[in-house]
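*Asks:* After the structure tokens below, expect a handful of questions from me.
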Amino acid sequence: QLNGYATARRIFVLPDEHSLYVPLARDTGVLLVTSIPSGSTVTVDGKRYGQTPATLHLSACVHQIALTNGTLHHEETVNIEPESFQARSIKW
329 QLNGYATARR IFVLPDEHSL YVPLARDTGV LLVTSIPSGS TVTVDGKRYG QTPATLHLSA
389 CVHQIALTNG TLHHEETVNI EPESFQARSI KW
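Here my numbering = 1-based position in the sequence shown + 328.
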């Protein structure tokens, strides 16, 4: 178990197994971003993620999302919880 990562559970036999490798996966959530009309550019924490509609698998923490459509711009902060699903939509 490690902060920011999903809990990993394994069954192993002692003393037969001398070493154990347990890969950890980061805690993530899903953010669905849509816009009307579609085709707005989606940026998360300064990194471009494509255009709407977009299904984003993000690490569990606070993120800054931005949508841009021509000269129009919208920003907001989103708190992604582990294993959560959230949706954001903007109508220009």
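Note that CB positions come from ideal geometry on N, CA and C, so glycine has one too.
Quick caveat, the model's predicted, so the values are computed rather than measured.
Return the residue from the list L386, I408, V406, W420 that minimises the CA-CA distance to L400.
*Replies:* What you label residue 400 is simply residue 72 of the sequence shown in a count that begins at 1. If we check each option's Cα against that of L400, W420 comes out closest.
*Asks:* For Y445, which residues does DSSP report across the bridge?
*Replies:* In the structure as shown, the chain starts at 329 and stops at 420, and residue 445 therefore has no counterpart that could be examined.
*Asks:* Please name the residue in I393, P410, V350, V406 whose C-alpha comes closest to that of G374.
*Replies:* The residue you call residue 374 lines up with position 46 of the sequence shown. Comparing Cα positions, the closest option is I393.
*Asks:* According to the neighbour-count rule (16 or more other Cβ atoms, all chains shown, within 10 Å of its Cβ), is A382 buried or exposed?
*Replies:* Within the sequence shown, numbered from 1, the residue matching residue 382 stands at position 54. Label assigned to A382: buried.
*Asks:* Going straight from the alpha carbon of E403 to that of N331, what length do you get?
*Replies:* Position 75 of the sequence shown, counting from 1, holds the residue named residue 403. Position 3 of the sequence shown, counting from 1, holds the residue named residue 331. When rounded, the distance between both Cα atoms is 28 Å.
*Asks:* Could you tell me the distance, in whole angstroms, from the CA atom of Y333 to the CA atom of Q414?
*Replies:* Taking the first residue of the sequence shown as position 1, residue 333 is located at position 5. Taking the first residue of the sequence shown as position 1, residue 414 is located at position 86. Distance between the alpha carbons of Y333 and Q414: 19 Å.
*Asks:* Compute the distance between the beta-carbons of L395 and T369, then report whether it is under 8 Å.
*Replies:* The residue given as residue 395 occupies position 67 in the sequence shown. The residue given as residue 369 occupies position 41 in the sequence shown. Contact flag set, yes.
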